[in-house]
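As structure tokens, the structure follows; a few thoughts come after it.
In the numbering used here, the protein residues as written are 87 to 372.
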């Protein structure tokens with residue numbers, strides 16, 4: 087009855103970076119995504135139809151030409167791809183997080199920063215009770231506030247303020263519901279946690295104090311290519327300042343002091359959702 091990962095493959099396509107001012111996906115970003123999907127399709131070619139679920143999230147929700155792209159993407163992957171809502175994305179993320187943590191009673195707040203959207207979910211045990219998808223992500227904020235990789239104190243603080251304003255719309259409701267535990271999920275938050283722990287700014291997970299020290303270090307670098315921070319991978323540098331600013335804004339606006347980091351998120355949640363269906367125990371029906 088346990089889920090065991092036997093193979094894992096990941097590629098950072100940053101599809102959201104390919105949206106133009108009219109919300110059309112550029113030919114270059116489509117080509118990058120299709121190349122990745124073709125590699126994934128090779129790995130999945132022995133899997134029978136109906137055993138693979140593939141999801142499109144925020145960028146494909148926004149892209150005006152997503153229908154044309156989707157047909158080519160499905161051909162490359164060899165399996166259908168469904169575009170899900172922000173609410174559904176949050177539900178599945180929460181499921182992945184809940185299965186990777188101790189099954190404690192009490193409400194938890196889950197935060198997942200993606201390329202174009204950020205999901206904030208409140209839930210208890212394996213059920214999410216409140217889900218919000220906010221229009222901010224590490225790719226979109228990088229393009230908006232840190233153009234050409236330039237990092238200034240003013241730009242960073244503007245990004246933090248923009249993040250706080252996004253959270254403001256849900257602030258009262260989320261504070262009213264409350265939570266006992268804050269948990270972060272996915273690559274951006276994992277990268278921030280790694281930096282905080284490797285530099286001795288927090289023992290585990292992420293603290294407000296650790297975020298302040300990371301902010302100082304990022305601003306001092308001045309340029310994305312000059313970022314030389316212990317624990318920060320090369321492929322994360324371009325979106326690290328924007329992801330950090332978003333999390334900083336969330337911490338400030340919601341009054342978070344400490345956040346744990348989960349090993350599971352959207353992909354793991356999708357697997358548990360699929361297992362639930364096979365066991366005739368779909369959490370959505372329940």
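Using N, Cα and C, we set each Cβ at its ideal position, and we do this for glycine too.
Query: Pair within 8 Å by beta-carbon distance, residue 202 and residue 226; Result: yes
Query: Which of helix, strand or coil DSSP assigns to residue 54; Result: Any question about residue 54 goes unanswered here, given that the chain covers just 87 to 372.
Query: Of the listed residues 269, 115, 129 and 208, nearest to residue 93 (C-alpha basis); Result: 129
Query: CA nearest to the CA of residue 106, picked from 120, 117, 148 and 286; Result: 148
Query: DSSP-derived helix/strand/coil call for residue 141; Result: strand
Query: Same chain, Cβ closer than 7 Å to residue 303, neighbours up to 5 away in sequence not counted; Result: 315
Query: Residue 369 - DSSP class collapsed to helix/strand/coil; Result: For residue 369, the pLDDT reaches just 49, beneath the cut-off of 50, and the residue's location in the model is therefore unreliable, leaving the point undetermined.
Query: Cβ shell of residue 162 (< 7 Å), same chain only, five flanking positions each side left out; Result: 120, 123, 124 and 127
Query: Proximity of residue 208 and residue 193 at Cβ, strictly below 8 Å; Result: yes
Query: As assigned by DSSP and simplified to three states, the class of residue 233; Result: helix
Query: Residues of its chain near residue 357, where Cβ-Cβ distance is below 7 Å and the 5 sequence neighbours each way are ignored; Result: 89
Query: Beta-ladder partner(s) of residue 347, from DSSP; Result: 270
Query: Nearest to residue 348 (by Cα), restricted to the options 337, 334, 275 and 297; Result: 275
Query: Contacts around residue 324, its chain only, beta-carbon distance under 6 Å, and the 5 residues preceding and following it disregarded; Result: 310
Query: Beta-ladder partner(s) of residue 169, from DSSP; Result: 142
Query: Residue closest to residue 231, alpha-carbon to alpha-carbon, out of 223, 219, 220 and 244; Result: 244
Query: Beta-carbon separation (whole angstroms), residue 293 vs residue 343, contact threshold 8 Å; Result: 7 Å
Query: For residue 309, the three-state DSSP class (helix, strand or coil); Result: strand
Query: Run of the beta strand (DSSP E) containing residue 207, from where it starts to where it stops; Result: 204 to 210
Query: Residue 223 burial status per 10 Å Cβ neighbour count (16 or more: buried); Result: buried
Query: Residue 219, enclosing beta strand (DSSP E) - first and last residue; Result: 213 to 220
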